[in-house]
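Sequence order for the protein chains is A and B. Everything in the first sequence is counted per this note's numbering, starting at 1 for the first residue and increasing by one. Everything in the second sequence is counted per this note's numbering, starting at 316 for the first residue and increasing by one. Glycine included, every Cβ here is placed at the ideal spot set by N, Cα and C. Bear in mind that the values here come from a model prediction, so they are computed numbers and not experimental data. Structure first, then comments.
Number of protein chains: 2
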Amino acid sequence: NYADSTIVTGSNPLSSWKDGAAKQRILAYFKAATDSTNAGYVPVDKRLLVTDNDGTLWPEQPFPFQLIFTLDFIRANAATHPEWKNIPVVKAIVANDKAGLMKAGERGLMQAMFLAHSGMTTDQFDASVRQWIDTARDARFHKRYTELVYQPMLELLELAKKHRFRVFVVSGGGADFMRVWAPQAYGIPASQVIGSYNAVKYEVKDGKPVLTKLPENILPDDKQNKPVAIRQFIGQQPVICLGNSDGDQAMMQYTSANKYPSLCLIVKHTDSTREYQYDVHTLSGHLETALKEAAQKNWLVVDMQKDFAKVFAWE
Amino acid sequence: NYADSTIVTGSNPLSSWKDGAAKQRILAYFKAATDSTNAGYVPVDKRLLVTDNDGTLWPEQPFPFQLIFTLDFIRANAATHPEWKNIPVVKAIVANDKAGLMKAGERGLMQAMFLAHSGMTTDQFDASVRQWIDTARDARFHKRYTELVYQPMLELLELAKKHRFRVFVVSGGGADFMRVWAPQAYGIPASQVIGSYNAVKYEVKDGKPVLTKLPENILPDDKQNKPVAIRQFIGQQPVICLGNSDGDQAMMQYTSANKYPSLCLIVKHTDSTREYQYDVHTLSGHLETALKEAAQKNWLVVDMQKDFAKVFAWE
Ligand SMILES: [Ca+2]
Ligand SMILES: [Ca+2]
Numbered sequence: 001n002y003a004d005s006t007i008v009t010g011s012n013p014l015s016s017w018k019d020g021a022a023k024q025r026i027l028a029y030f031k032a033a034t035d036s037t038n039a040g041y042v043p044v045d046k047r048l049l050v051t052d053n054d055g056t057l058w059p060e061q062p063f064p065f066q067l068i069f070t071l072d073f074i075r076a077n078a079a080t081h082p083e084w085k086n087i088p089v090v091k092a093i094v095a096n097d098k099a100g101l102m103k104a105g106e107r108g109l110m111q112a113m114f115l116a117h118s119g120m121t122t123d124q125f126d127a128s129v130r131q132w133i134d135t136a137r138d139a140r141f142h143k144r145y146t147e148l149v150y151q152p153m154l155e156l157l158e159l160a161k162k163h164r165f166r167v168f169v170v171s172g173g174g175a176d177f178m179r180v181w182a183p184q185a186y187g188i189p190a191s192q193v194i195g196s197y198n199a200v201k202y203e204v205k206d207g208k209p210v211l212t213k214l215p216e217n218i219l220p221d222d223k224q225n226k227p228v229a230i231r232q233f234i235g236q237q238p239v240i241c242l243g244n245s246d247g248d249q250a251m252m253q254y255t256s257a258n259k260y261p262s263l264c265l266i267v268k269h270t271d272s273t274r275e276y277q278y279d280v281h282t283l284s285g286h287l288e289t290a291l292k293e294a295a296q297k298n299w300l301v302v303d304m305q306k307d308f309a310k311v312f313a314w315e
Numbered sequence: 316n317y318a319d320s321t322i323v324t325g326s327n328p329l330s331s332w333k334d335g336a337a338k339q340r341i342l343a344y345f346k347a348a349t350d351s352t353n354a355g356y357v358p359v360d361k362r363l364l365v366t367d368n369d370g371t372l373w374p375e376q377p378f379p380f381q382l383i384f385t386l387d388f389i390r391a392n393a394a395t396h397p398e399w400k401n402i403p404v405v406k407a408i409v410a411n412d413k414a415g416l417m418k419a420g421e422r423g424l425m426q427a428m429f430l431a432h433s434g435m436t437t438d439q440f441d442a443s444v445r446q447w448i449d450t451a452r453d454a455r456f457h458k459r460y461t462e463l464v465y466q467p468m469l470e471l472l473e474l475a476k477k478h479r480f481r482v483f484v485v486s487g488g489g490a491d492f493m494r495v496w497a498p499q500a501y502g503i504p505a506s507q508v509i510g511s512y513n514a515v516k517y518e519v520k521d522g523k524p525v526l527t528k529l530p531e532n533i534l535p536d537d538k539q540n541k542p543v544a545i546r547q548f549i550g551q552q553p554v555i556c557l558g559n560s561d562g563d564q565a566m567m568q569y570t571s572a573n574k575y576p577s578l579c580l581i582v583k584h585t586d587s588t589r590e591y592q593y594d595v596h597t598l599s600g601h602l603e604t605a606l607k608e609a610a611q612k613n614w615l616v617v618d619m620q621k622d623f624a625k626v627f628a629w630e
């Protein structure tokens with residue numbers, strides 16, 4: 001296979017990975033997948049990689065970053081939205097009232113999400129995310145959120161692209177939220193960023209086409225819905241799947257049932273010093289049943305502490 | 316722009332188009348769009364082409380081909396489905412009873428569509444479409460349906476790809492139906508074929524992941540829903556839009572509102588000898604209001620009789 005044999009990956013393709021079993025297995029997979037004489041060969045048009053985002057490509061602690069965007073948006077805009085004044089969750093957010101937030105619960109947070117993600121045009125929403133992603137900083141690391149992308153995972157995506165894999169993000173996060181920054185952060189077009197969706201309405205106002213975001217969730221892209229979204233948006237079974245939680249288990253099952261050799265990889269958060277350590281006690285990223293299936297099916301479990309030489313590019 | 320200046324399109328890129336205003340305008344658009352010194356320049360990452368399918372890339376007479384697939388499927392499978400026996404539309408289809416079909420009406424046809432498009436796994440459905448597309452022949456032309464793709468439009472898609480445009484089909488037809496044959500016919504991955512969707516259910520049966528098609532329409536991808544689908548599936552405003560009916564008017568409005576120079580093209584069916592002649596009196600492809608807007612907004616109206624030197628490759 002001439003095209004494949006000319007793949008150039010540089011002298012040290014996964015330089016932020018420690019030498020060890022995980023790195024070796026990843027390199028071996030790509031070597032076999034692109035060698036037409038190997039039993040592990042995967043034809044070019046079947047080379048599809050899907051990856052989760054929160055906790056797989058960037059952190060999700062203390063909360064998923066999209067929730068932090070939501071809280072920041074509510075605080076920044078409450079003054080100009082008198083109609084929000086008596087909404088309990090808004091009051092709690094503006095007052096930074098933790099007990100009030102707990103009381104508002106998941107329904108309250110969902111309501112806050114809708115306030116930050118609907119009732120505006122898609123252009124207005126995109127601008128609001130752009131402004132936030134360009135300026136907001138993580139409280140612990142004092143970095144912009146896009147600077148918190150895991151360097152080893154970025155190298156893995158680049159290696160996959162060099163081996164002619166198409167890369168799709170398949171995340172529980174909002175598609176519209178991610179599409180503002182993910183194309184640049186991950187080097188893929190917006191169409192390859194799949195997430196949860198709100199309904200959108202099309203109208204012509206004063207002769208101008210306008211798309212307005214509605215407070216109506218169409219596809220919560222998690223668990224069983226991940227393989228459903230893969231079918232709906234990509235129309236093809238993946239051979240590589242990257243994830244970090246039980247929410248990714250269904251798409252890993254779907255991937256590992258591929259008739260071509262597959263690689264399923266779970267990022268395990270084991271490093272409280274450089275990042276975070278968690279598995280079952282967490283708001284986001286519960287990891288339990290997927291680990292059991294990983295053991296049965298020989299999915300690759302990556303231990304961030306042991307396998308990552310670097311977590312972030314700026315370390 | 317070095318990358319653009321090396322574009323090679325062959326000596327006669329639109330050879331199945333007659334020399335004339337339409338062909339000249341298309342060629343001029345691509346020349347300007349890829350010349351960074353030209354006011355018509357479009358940056359590479361903004362080069363997005365969306366195209367309708369039925370009546371734009373292949374015929375839709377006497378009925379849309381997916382409906383013919385449905386009728387063929389019902390006839391071929393009625394014997395093994397005793398539970399269909401008393402369904403009026405099935406009876407009418409099996410008996411080839413035109414009056415009964417008329418009586419069943421749109422609701423009956425929708426019911427027939429669901430019988431042919433749900434209650435089976437995605438693998439089973441894909442196989443049934445594959446089998447049909449490989450064997451069924453059009454009653455008038457005695458050709459396989461994929462041999463009825465309009466040669467001039469195929470050349471236009473190829474020219475766009477050579478100029479580094481990404482090509483997406485955005486059709487009212489079923490996404491799952493098209494994705495079986497469109498990737499090969501149009502040279503694009505399944506993920507770039509967007510259409511109407513049924514809901515899909517994910518389960519693990521006997522340890523095997525299974526996706527089952529459900530009789531529930533999620534997105535009828537027509538009219539206002541076309542720009543909505545473009546936002547949801549592509550996340551980017553197109554600069555080229557190809558269509559043939561009022562169902563494409565909204566996505567043409569959306570395209571022509573792009574801040575970059577756009578090209579909207581309407582295929583007008585004017586050739587009863589080589590193909591079909593219709594505009595307002597048709598089951599599929601009603602063209603009326605889009606023509607009015609085309610005149611106001613200088614969208615390119617292509618007259619199949621005058622502008623196509625060839626309609627089909629085999630002529
Ligand atoms: Ca995750
Ligand atoms: Ca059409």
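Distance cut-off 7 Å: residue i Cβ against heavy atoms of ligand 1
i: A/S16; result: no
i: A/G243; result: yes
i: A/D279; result: no
i: B/D521; result: no
Cβ pair residue i, residue j closer than 8 Å
i: A/A190; j: A/Q249; result: no
i: B/G335; j: B/D622; result: yes
i: A/I230; j: A/V50; result: yes
i: A/Y145; j: B/P542; result: no
i: A/G174; j: A/H117; result: yes
i: A/Q151; j: A/K23; result: no
i: A/L67; j: A/L101; result: no
i: B/G550; j: A/V193; result: yes
i: A/R107; j: A/V94; result: no
i: B/S571; j: B/P535; result: no
i: B/N573; j: B/Q539; result: no
i: A/L57; j: A/V149; result: yes
i: B/L363; j: B/R481; result: yes
Any non-hydrogen atom of ligand 3 within 7 Å of residue i CB
i: B/T597; result: No copy of ligand 3 appears in this structure; the ligands present are ligand 1 and ligand 2.
Endpoints, the beta strand (DSSP E) within which residue i is located
i: A/F168; result: R166 to G174
i: A/S128; result: Here A/S128 belongs to no beta strand (DSSP E); instead the alpha helix (DSSP H) covers T122 to T135.
i: A/Y29; result: A/Y29 -> not in any beta strand (DSSP E); alpha helix (DSSP H) instead, spanning A21 to A33.
i: B/A514; result: V508 to K520
i: B/V582; result: L578 to K583
i: A/V302; result: L300 to D303
Cβ-heavy atom distance, residue i to ligand 2, below 7 Å
i: B/D561; result: no
i: B/G370; result: yes
i: B/E375; result: yes
i: A/G318; result: Not covered by the structure: residue 318 of chain A. The range shown for chain A is 1 to 315.
i: A/D316; result: Any property of residue 316 of chain A remains undetermined from this structure, which presents chain A solely from 1 to 315.
i: B/G600; result: yes
i: A/D321; result: Any answer about residue 321 of chain A is impossible in this case: the structure gives chain A only from 1 up to 315.
i: A/D271; result: no
i: B/W367; result: The sequence as given places Asp at residue 367 of chain B; Trp does not occur at that position. Yes, Cβ of B/D367 sits closer than 7 Å to a heavy atom of ligand 2.
Run of the alpha helix (DSSP H) containing residue i, from where it starts to where it stops
i: B/T570; result: Q564 to S571
i: B/L424; result: K413 to H432
i: B/N540; result: N540 to A544
i: B/N392; result: F380 to N392
i: B/E531; result: That residue, B/E531, is in no alpha helix (DSSP H); its beta strand (DSSP E) goes K523 to L534.
i: A/D54; result: Unbroken run through A/D54: none, as it is neither H nor E.
i: B/L606; result: T604 to K612
i: A/L156; result: Q151 to K162
i: A/I93; result: P88 to V94
Check whether the region 216-233 of chain A touches the region 470-487 of chain B, counting contact only when three or more Cβ pairs, one atom from each stretch, lie closer than 8 Å.
no
Contact set between the region 172-193 of chain A and chain B, restricted to residues whose Cβ is under 9 Å from the partner
A175, D176, R179, P183, P189, A190, S191, Q192 and V193
Against chain A: residues of the region 431-461 of chain B by CB proximity under 9 Å
T437
Which residues of the region 537-569 of chain B have a Cβ closer than 7 Å to any Cβ of chain A? Give them in chain order.
Q539, P542, V543, R546, Q547, F548, I549, G550, Q551, A565, Q568 and Y569
Taking Cβ-Cβ distances below 8 Å as the criterion, which residues of the region 287-300 of chain A are in contact with chain B?
Of all residues in the region 287-300 of chain A, none has a Cβ within less than 8 Å of some Cβ in chain B.
Give, in chain order, every residue of the region 521-533 of chain B whose Cβ lies closer than 7 Å to some Cβ of chain A.
K523, P524 and L526
Assess, as a yes-or-no matter, whether the region 115-130 of chain A is touched by the region 175-183 of chain A under the definition of 3 or more beta carbon pairs within less than 8 Å.
The region 175-183 of chain A is in contact with the region 115-130 of chain A.
Between the region 261-272 of chain A and the region 551-568 of chain B, do three or more beta carbon pairs fall short of 8 Å?
no
Along the region 254-270 of chain A, where does the CB come closer than 7 Å to a CB of chain B? Name the residues.
Y254 and A257
Tell me which residues of the region 38-69 of chain A have at least one Cβ-Cβ distance to chain B shorter than 7 Å, keeping chain order.
none
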